[in-house]
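Working notes, structure below.
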């Protein structure tokens with residue numbers, strides 16, 4: 045059974061650009077969540093999608109957005125990148141999204157220069 | 004406001020001894036707690052969880068204890084092995100509305116098990 049796949053693994057972008065990250069959940073999982081990990085703040089919740097609907101959103105500016113497709117794959121987008129957006133972005137999938145059954149991908153390491 | 008706190012950034016123990024990782028929380032609406040383990044360049048891996056209606060859950064070498072009145076939980080690893088060296092995250096889930104669908108994480112504790 046394939047795990048959660050995140051692409052790309054590494055990304056370098058310039059301030060002001062935008063970026064799109066992709067997450068393919070485990071087959072059959074309908075919930076996809078996104079988290080940002082930074083050394084100072086740990087893992088912080090960005091948003092959660094279930095059946096193409098956003099059910100919860102963390103305290104991040106509107107530059108951070110996401111969506112989920114009918115096949116449960118999800119993308120997150122960050123516009124007008126800032127240096128502080130440099131982080132590891134983690135995607136997690138689960139059957140129903142109630143926390144206990146989350147499986148995380150290996151993440152996308154975004155560096156903004 | 005940090006609702007889940009892991010006050011020890013690092014912990015070092017000898018192989019074969021007990022490792023105790025601690026976690027405190029402030030939100031009484033949390034009803035489910037989880038521990039994740041993370042190696043560098045990998046995503047967090049689920050270890051063990053506990054519902055707020057229990058005070059202990061055991062799985063092999065890993066035991067999680069919950070003290071609701073103190074809003075404190077701990078993860079015990081016995082015996083500790085060098086392969087346990089990783090960052091351990093405590094996480095909590097709410098019990099209503101949108102908080103059902105998110106985990107609030109602590110900042111992690113780096114465990115080093117010395118041979």
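Protein chains in written order, with this note's numbering: chain A, 45 to 157; chain B, 4 to 118. Ideal Cβ placement from N, Cα and C applies to all residues, glycine included. Computed from a prediction, not measured in an experiment: that's the story for all the values here.
Query                                                                                                                                   : Result
Give the secondary structure of residue 104/B by DSSP, where H, G and I count as helix, E and B as strand, and everything else as coil. : helix
Answer with yes or no whether the minimum CB distance from residue 103/A to chain B is below 8 Å.                                       : no
Using only CA atoms, which one of 80/A, 129/A and 84/A lies nearest to residue 92/A?                                                    : 80/A
So is residue 99/A in contact with chain B if we call contact Cβ pairs under 8 Å?                                                       : yes
Suppose contacts are defined by Cβ-Cβ distances below 8 Å. Is residue 114/B in contact with residue 94/B by that definition?            : no
Which residues mark the beginning and the end of the beta strand (DSSP E) in which residue 145/B is found?                              : Past the edges of chain B, shown from 4 to 118, lies residue 145/B, and the structure says nothing about it.
Just how far apart, CA to CA, sit residue 35/B and residue 52/B?                                                                        : 7 Å
With DSSP as the reference, please indicate the residues paired to residue 117/B in a beta bridge.                                      : 17/B
Step through the CB atoms of chain A and report whether any lies within less than 8 Å of the CB of residue 28/B.                        : no
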